[in-house]
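Only one structure is covered here, and it is reproduced in the block below.
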Amino acid sequence: MRKPARFEAKKIDYDLTQGAAVAAGPVQFSFYTPADANDPGSSVPVVISAQKNAEFFAGDKKSIRQVVFNGNVVGDATEDKPGDKSIRRLYGDTLTVDLAADSNGKTQMAHIAVTNGDVRLEALRFLNDIKSSHVKLNCKRFDYDGASQAIVAAGPGEIQLNNQDIPAVDPNAQAQSLDFRQPCVALVNGFDTMTWLRPQNQIRVNGSKESMNLSYMTIKDGKPDAITNAQMMNAVLQIAQDANGRDMLKELTADHGVFMEQVGKHTLKGQKLRYTGDDGWVRIEGDETQPCFVDGIKAPMINYNLQTGQLKTQLSS
249 MRKPARFEAK
259 KIDYDLTQGA
269 AVAAGPVQFS
279 FYTPADANDP
289 GSSVPVVISA
299 QKNAEFFAGD
309 KKSIRQVVFN
319 GNVVGDATED
329 KPGDKSIRRL
339 YGDTLTVDLA
349 ADSNGKTQMA
359 HIAVTNGDVR
369 LEALRFLNDI
379 KSSHVKLNCK
389 RFDYDGASQA
399 IVAAGPGEIQ
409 LNNQDIPAVD
419 PNAQAQSLDF
429 RQPCVALVNG
439 FDTMTWLRPQ
449 NQIRVNGSKE
459 SMNLSYMTIK
469 DGKPDAITNA
479 QMMNAVLQIA
489 QDANGRDMLK
499 ELTADHGVFM
509 EQVGKHTLKG
519 QKLRYTGDDG
529 WVRIEGDETQ
539 PCFVDGIKAP
549 MINYNLQTGQ
559 LKTQLSS
């Protein structure tokens, strides 16, 4: 049985003729949402607070169909399972919730939009009380679709991964490029749109007419170590979990022109790229509009291992 929702405000003015209301702030709305779409019995507590007010708008049958929170809005969803805790927080000046009835007639959140002010999203994950991931998203607005569980962020925007304080899977192992499971920081900026398909654990980022910048840096003994920089028009990141439940970059693909530099080692350029996290190999292919280049020398294709530095290619005329 789902736990009841709770709404708190200084004062609520209700319009009987319209079925609408305005709640004076500060306001706080606490409710529970299913943790798993396939398990209606599961629940995650959600708390939304706003300093100015909350406006309730009714539909044709005078039932509430939209709620707008205004003024320094903060939303918090904390999922706490044994040995696995996830915290997601959103910030903005306006949060709009569209409500709709599901197939059983129960009211559900159909759509959420966060707009105005400093719009951002923060996600943290702890495994056995140890932080394993910390991600921040800054953008112009973002939308959440309840049916698909997709989050779409409109840019210009920036994604930050700050895992510099997490423990490495194996402290004695050699640092591996583009591995989130070791002390590292990563940054993606200049994106026009970012789509996070949560059920598929896939992130799609587009730079529109201008290329995006991607930077990844491993941390060793608290100091910057290996640095990888890249520029591309778009990217698809496939996230997976390893045997220990830690998030890892399974695959990264990009096309329409790519540039990658492992600082102090090689610069790579081509038309499209595919990186596989299991073995650390990057494959770059070119075409007539954008041939492949290794350190400024033309090549038919490039195979480069970011972990070992092994390079496989052939010189091209």
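Once you know that position 121 of the sequence shown is 369 in the numbering used here, the rest is easy, because the numbers rise by one and skip nothing. Heads up, the beta-carbon is just placed ideally off N, CA and C, and yes, glycines get one too. Note that the coordinates shown come from a computational prediction; the quantities given were computed from them, not determined experimentally.
Distance, residue j Cα to residue i Cα
i, j, result
"methionine 460", "lysine 258", "45 Å"
"leucine 435", "phenylalanine 507", "16 Å"
"asparagine 467", "glycine 273", "Looking at the sequence shown, residue 467 is not asparagine but isoleucine. Those two C-alpha atoms are separated by around 44 Å."
"serine 291", "valine 345", "19 Å"
"serine 565", "lysine 546", "In this prediction, serine 565 has a pLDDT of 43, which is less than 50 and means its spatial position is unreliable; what the coordinates show is noted afterwards. Going from the Cα of serine 565 to the Cα of lysine 546 covers about 7 Å."
"cysteine 432", "asparagine 477", "14 Å"
"aspartate 393", "arginine 373", "22 Å"
"phenylalanine 541", "asparagine 301", "57 Å"
"asparagine 320", "leucine 338", "11 Å"
"histidine 382", "asparagine 376", "15 Å"
"glutamate 509", "asparagine 551", "14 Å"
"aspartate 341", "leucine 385", "16 Å"
"valine 315", "phenylalanine 304", "5 Å"
"leucine 369", "aspartate 473", "28 Å"
"valine 511", "valine 400", "32 Å"
"leucine 521", "methionine 549", "10 Å"
"glycine 544", "glycine 505", "15 Å"
"glutamine 412", "methionine 481", "27 Å"
"leucine 426", "valine 294", "32 Å"
"arginine 602", "alanine 269", "What is shown of the chain runs 249 to 565, which leaves residue 602 out entirely."
"lysine 329", "glutamine 397", "20 Å"
"aspartate 391", "alanine 325", "16 Å"
"phenylalanine 279", "alanine 253", "4 Å"
"leucine 462", "proline 404", "14 Å"
"glycine 493", "serine 380", "10 Å"
"lysine 498", "aspartate 469", "26 Å"
DSSP three-state assignment for residue i, whether helix, strand or coil
i, result
"lysine 309", "coil"
"alanine 269", "strand"
"threonine 537", "coil"
"arginine 373", "strand"
"glycine 403", "strand"
"asparagine 386", "strand"
"glutamine 276", "strand"
"serine 425", "coil"
"asparagine 411", "coil"
"serine 396", "coil"
"asparagine 364", "coil"
"glycine 319", "strand"
"aspartate 526", "coil"
"threonine 326", "strand"
"alanine 568", "Outside the modelled stretch of the chain, which goes from 249 to 565, sits residue 568, for which no answer is possible."
"leucine 521", "strand"
"serine 291", "coil"
Own chain residues within Cβ distance below 7 Å of residue i, not counting five before or after
i, result
"threonine 355", "Leu347 and Ala349"
"alanine 416", "Gln430 and Pro431"
"lysine 310", "Gly267"
"alanine 502", "Met480, Asn482, Ala483, Lys520 and Leu521"
"asparagine 553", "Gly528 and Trp529"
"glycine 557", "Lys513"
Sequence-distant residues of its chain with Cβ nearer than 6 Å to residue i (five each side left out)
i, result
"phenylalanine 277", "Phe255 and Ile296"
"alanine 358", "Asp346, Ala348 and Gly394"
"glycine 534", "Gly518, Gln519 and Cys540"
"valine 275", "Ala257, Ala298 and Ala302"
"glycine 323", "Ile296 and Leu338"
"lysine 560", "Asn551"
"isoleucine 407", "Leu385 and Val436"
"tryptophan 444", "Ile399 and Ile451"
"tyrosine 262", "Ala269"
Sequence-distant residues of its chain with Cβ nearer than 8 Å to residue i (five each side left out)
i, result
"threonine 537", "Gln519"
For this session: Count the CB pairs spanning the segment 445-454 and the segment 473-493 that are closer than 8 Å, and state whether there are at least three.
Result: yes
Problem set entry | Given 8 Å, three or more beta-carbon pairs between the segment 513-528 and the segment 363-378 | A contact between stretches requires three or more CB pairs, one per stretch, nearer than 8 Å, and the segment 513-528 fails this requirement with the segment 363-378.
For this session: Tell me the start and end of each unbroken beta strand (DSSP E) in the segment 434-518 that is at least 3 residues and wholly inside, in chain order.
Result: 450-454, 460-468, 471-480, 482-489, 495-502, 506-510 and 514-518
Problem set entry | Ranges of the beta strand (DSSP E) found wholly within the segment 332-358, counting only runs of at least 3 | Along the segment 332-358, the beta strand (DSSP E) occurs as fully enclosed runs of 3 or more residues at 332-349, listed in sequence order.
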